[in-house]
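2 protein chains.
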Amino acid sequence: MTEDIPQAPSPAREQADRFLRAREVQSVALLEDYVEMIGDLMAEMGEARVADIAERMGVAQPTATKAVARLKREGLAISRPYRGVFLTEAGGTLAEKVRARHRTVVALLVAVGVPEETAELDAEGIEHHVSDSTLRAFERYLSQR
Amino acid sequence: MTEDIPQAPSPAREQADRFLRAREVQSVALLEDYVEMIGDLMAEMGEARVADIAERMGVAQPTATKAVARLKREGLAISRPYRGVFLTEAGGTLAEKVRARHRTVVALLVAVGVPEETAELDAEGIEHHVSDSTLRAFERYLSQR
DNA sequence: CACGAATTATAGCCTAAGCTATATCTTGAC
DNA sequence: GTCAAGATATAGCTTAGGCTATAATTCGTG
Ligand SMILES: [Mn+2]
Ligand SMILES: [Mn+2]
Ligand SMILES: [Mn+2]
Ligand SMILES: [Mn+2]
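Those protein sequences? They're chains D and H, same order as listed.
Under UniProt numbering, the first residue of the first sequence carries the number 1, and numbering increases by one thereafter.
Under UniProt numbering, the first residue of the second sequence carries the number 1, and numbering increases by one thereafter.
In structure tokens form, the structure reads like this:
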């Protein structure tokens, strides 16, 4: 019989797992940004209109419409044809989490000496790859110095 | 006549620009990872074979083949049918830059208290969004403490 | 040196994300 | 109340990045 001694995963496999994770993260990154921004618009204007979403995301209107369709599919938003877009409870919860993480990432970058403008720019991409574990480390670092 | 006084960009426009940048970065992130890893394979084995590239990236072999085609199109790699893949000078330079940035990002994360394993995992995605300005800040922080 | 195994290429499919052009619906001004 | 302007939806295209199945090539072994 073949032995089934648990093997330590090969380095190649471990590296592949990291790339896999990075690709997974990337596939939800856009959703996170849309949800956070729709939350902003709801807070500012009471509702999020597709035209405003498109403007703030820097995409064409049909692109925003399609993204909203995906948000609805994933249970993060609701809307009816030709009406505004609203976050579901799940969407709202996610928006809050994403917003807090965004702030923490910017604060961490600034704390280690990154200029404000740059921090805000880079954080928009970095944030999505910051795991809960890393986020907690950032929070510890920011509070105890 | 309409005035052409230079306007401060609207907040929506600024935010859109950040998202635009994040999307741009994301479109080169995969190329960077492939190039860095092909560099590793060349150093370890003298050449990078498509099968090894696929294994380390955690993708199917045709996916790696297609990625290599894109690298060739962008002038980062060369190869002939059924032969190994090699970096061009541009590819080698990029690989070196990407490798150094990766190390710095991991070091910074560890320095602020992120566990090693987590740092390595998160860095794989984070690195691509770290601008030159942020990278220099990381280096300053790491050297002077 | 032939042939089977391993490797690479190709064909054909899918989804996400972007775009432009155009159709459809809503709404405010008259 | 109409209707033109504005907002949204839809159609149809592109590219990147995945996949499986299969064809073509290379190479080691006998
Ligand atoms: Mn973001
Ligand atoms: Mn954000
Ligand atoms: Mn990476
Ligand atoms: Mn890397």
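From the three backbone atoms N, C-alpha and C, an ideal C-beta is built for every residue, glycine too.
ask   = Based on Cα-Cα distance, which residue from H:E96, H:E139 and H:G125 lies nearest to A111 (chain H)?
value = As a working note, residue 111 (chain H) is residue 111 in the second sequence. Ranking H:E96, H:E139 and H:G125 by Cα distance to A111 (chain H) puts H:E139 first.
key: Start-to-end residues for the beta strand (DSSP E) that takes in S79 (chain H)   = As a first step, residue 79 (chain H) is located in the second sequence; it is residue number 79 there, counting from the start. Annotation: the continuous beta strand (DSSP E) that includes S79 (chain H) extends over A77 to S79.
key: Test: G125 (chain D) CB closer than 8 Å to a CB of chain H   = If you number the first sequence from 1, residue 125 (chain D) lands on position 125. Judged by the 8 Å Cβ criterion, G125 (chain D) is in contact with chain H.
ask   = Quick one: does the C-beta of D33 (chain D) sit closer than 7 Å to a heavy atom of ligand 2?
value = Here residue 33 (chain D) is taken as the residue at index 33 of the first sequence, counted from 1. Checking every heavy atom of ligand 2 against the Cβ of D33 (chain D), one is found closer than 7 Å.
message = Taking the alpha carbon of G91 (chain D) as the reference point, which residue from D:G125, D:P115, D:L71 and D:I126 has its own alpha carbon closest?
response = In the first sequence, counting from the first residue as 1, residue 91 (chain D) sits at position 91. Nearest in C-alpha terms to G91 (chain D), of all of D:G125, D:P115, D:L71 and D:I126, is D:L71.
message = Just verifying my parser: in three-state terms, what is the DSSP assignment at V105 (chain H)?
response = Here residue 105 (chain H) is taken as the residue at index 105 of the second sequence, counted from 1. V105 (chain H): helix per DSSP, three-state reduction.
inquiry  = Closer than 8 Å between beta carbons: that is the criterion. Which residues of the stretch 127 to 143 of chain D meet it against chain H?
reply    = Those would be H128, H129, V130, S131, S133, T134, A137, F138, R140 and Y141, in chain order.
request  = Say yes only if the C-beta of E36 (chain H) is nearer than 7 Å to one or more non-hydrogen atoms of ligand 4, and no if none qualify.
outcome  = The sequence position of residue 36 (chain H) within the second sequence is 36, counting from 1. Yes, since a heavy atom of ligand 4 falls inside the 7 Å radius drawn around the Cβ of E36 (chain H).
key: Proximal residues to V50 (chain D) (C-beta, below 7 Å), its chain only, five neighbours per side dropped   = Your numbering for residue 50 (chain D) matches position 50 in the first sequence. Contacts found: Q61, A64, T65, V68 and V85.
query = So what's V130 (chain H) in DSSP terms, helix, strand or just coil?
reply = Numbered from 1 along the second sequence, position 130 holds the residue referred to as residue 130 (chain H). Per DSSP, reduced to three states, the secondary structure at V130 (chain H) is coil, with no helix or strand assignment.
inquiry  = Between the alpha carbons of G118 (chain D) and V28 (chain D), how many angstroms are there, rounded?
reply    = The residue labelled residue 118 (chain D) in the question sits at position 118 within the first sequence. The residue labelled residue 28 (chain D) in the question sits at position 28 within the first sequence. It should be pointed out that residue 118 (chain D) corresponds to Thr in this sequence rather than to Gly. For T118 (chain D) and V28 (chain D), the distance between alpha carbons rounds to 23 Å.
inquiry  = Measuring CB atoms only, is the stretch 53 to 60 of chain H touching the stretch 12 to 23 of chain H, in the sense that at least three cross pairs come out at less than 8 Å?
reply    = Between the stretch 53 to 60 of chain H and the stretch 12 to 23 of chain H there are fewer than three C-beta pairs closer than 8 Å, too few to call the two in contact.
ask   = Within this structure, are the beta carbons of L87 (chain H) and A100 (chain H) separated by less than 8 Å?
value = The count along the second sequence starts at 1 and reaches residue 87 (chain H) at position 87. The count along the second sequence starts at 1 and reaches residue 100 (chain H) at position 100. Taking C-beta atoms as the reference points, L87 (chain H) and A100 (chain H) fail to come closer than 8 Å.
key: Contact set for T2 (chain H): own chain, Cβ-Cβ below 7 Å, skip 5 residues either direction   = Residue mapping note: residue 2 (chain H) aligns to position 2 of the second sequence, counting from 1. Bear in mind that the predicted position of T2 (chain H) carries a pLDDT of just 46, short of 50, making it unreliable; the figure below should be weighed with that in mind. If you ignore the 5 residues before and after T2 (chain H), its C-beta comes within less than 7 Å of no other C-beta in its own chain.
Neighbour flag for T2 (chain D) against chain H, beta carbons, 8 Å = Position 2 of the first sequence, counted from the start, is the residue given in the question as residue 2 (chain D). Residue confidence for T2 (chain D) is low, a pLDDT of 45 falling below 50, so the modelled location carries little weight; the figure read from the coordinates is stated next. No, no contact with chain H.
ask   = Comparing the C-beta of residue 160 (chain D) with each C-beta of chain H, is any distance below 8 Å?
value = Residue coverage of chain D in this structure runs from 1 to 145, which leaves residue 160 (chain D) outside it and unanswerable.
ask   = CA-CA distance, V114 (chain D) and P81 (chain D)?
value = By one-based count along the first sequence, residue 114 (chain D) stands at place 114. By one-based count along the first sequence, residue 81 (chain D) stands at place 81. Each residue's alpha carbon lies about 44 Å from the other.
request  = Can you give me the Cβ contacts of A107 (chain H) inside the same chain, cut-off strictly under 7 Å, excluding the 5 residues immediately before and after it?
outcome  = Position 107 of the second sequence, counting from 1, holds the residue named residue 107 (chain H). The answer, listed in chain order, is L142.
message = Buried or exposed, going by whether 16 or more other CB atoms sit within 10 Å of the CB of G125 (chain H)?
response = Here residue 125 (chain H) is taken as the residue at index 125 of the second sequence, counted from 1. Counting of Cβ neighbours within 10 angstroms places G125 (chain H) among the buried residues, the total reaching 16 or more.
request  = Using beta-carbon positions only, say whether residue 156 (chain H) and S10 (chain D) come within less than 8 Å of one another.
outcome  = Residue 156 (chain H) lies beyond the range of chain H shown here (1 to 145); nothing can be said about it.
query = At a cut-off of 7 Å, is E120 (chain H) close to ligand 4 when judged by its beta-carbon and the heavy atoms of the ligand?
reply = Within the second sequence, the letter at position 120 stands for residue 120 (chain H). False, no ligand heavy atom lies under 7 Å from that Cβ.
ask   = Which ranges would you report for the alpha helix (DSSP H) in the UniProt domain "HTH dtxR-type" (28 to 88) of chain H if only whole runs of at least 4 residues count?
value = If we require 4 residues or more, the alpha helix (DSSP H) runs fully inside the UniProt domain "HTH dtxR-type" (28 to 88) of chain H come out as 50 to 57 and 61 to 73.
task = Using a Cβ-Cβ cut-off of 8 Å, state whether G106 (chain H) counts as contacting chain D.
result = The residue given as residue 106 (chain H) occupies position 106 in the second sequence. The sequence given here has Val at residue 106 (chain H), not Gly. When Cβ-Cβ separations below 8 Å define contact, V106 (chain H) makes no contact with chain D.
key: Positions along the UniProt domain "HTH dtxR-type" (28 to 88) of chain H whose CB lies within less than 7 Å of some CB in chain D   = With the criterion set as a beta carbon lying under 7 Å from some beta carbon of chain D, the members of the UniProt domain "HTH dtxR-type" (28 to 88) of chain H are D33, E55, R56, M57 and G58, in sequence order.
query = Does R18 (chain D) get closer than 8 Å to chain H when you measure Cβ to Cβ?
reply = Position 18 of the first sequence, counted from the start, is the residue given in the question as residue 18 (chain D). Look at R18 (chain D): its C-beta is under 8 Å from a C-beta on chain H.
ask   = Do you know how far the Cα of E74 (chain H) is from the Cα of Q15 (chain D)?
value = If you number the first sequence from 1, residue 15 (chain D) lands on position 15. If you number the second sequence from 1, residue 74 (chain H) lands on position 74. Rounded to whole angstroms, Q15 (chain D) to E74 (chain H) spans 24 Å at the Cα level.
request  = State the Cα-Cα distance for the pair E44 (chain H) and H129 (chain H), rounded to the nearest angstrom.
outcome  = Taking the second sequence and counting its residues from 1, the one referred to as residue 44 (chain H) is at position 44. Taking the second sequence and counting its residues from 1, the one referred to as residue 129 (chain H) is at position 129. Computed Cα separation, rounded: 28 Å.
key: Q15 (chain D), DSSP secondary structure in three states   = By 1-based counting over the first sequence, the position of residue 15 (chain D) is 15. In the displayed model, Q15 (chain D) falls within a helix according to three-state DSSP.
ask   = Which residue from H:D52, H:I53 and H:E32 puts its Cα closest to that of T93 (chain H)?
value = If you number the second sequence from 1, residue 93 (chain H) lands on position 93. Between T93 (chain H) and the set H:D52, H:I53 and H:E32, the nearest pair of CA atoms involves H:E32.
inquiry  = Between the alpha carbons of E116 (chain H) and L41 (chain H), how many angstroms are there, rounded?
reply    = The residue labelled residue 116 (chain H) in the question sits at position 116 within the second sequence. The residue labelled residue 41 (chain H) in the question sits at position 41 within the second sequence. Looking at the backbone, the Cα of E116 (chain H) and that of L41 (chain H) are separated by about 23 Å.
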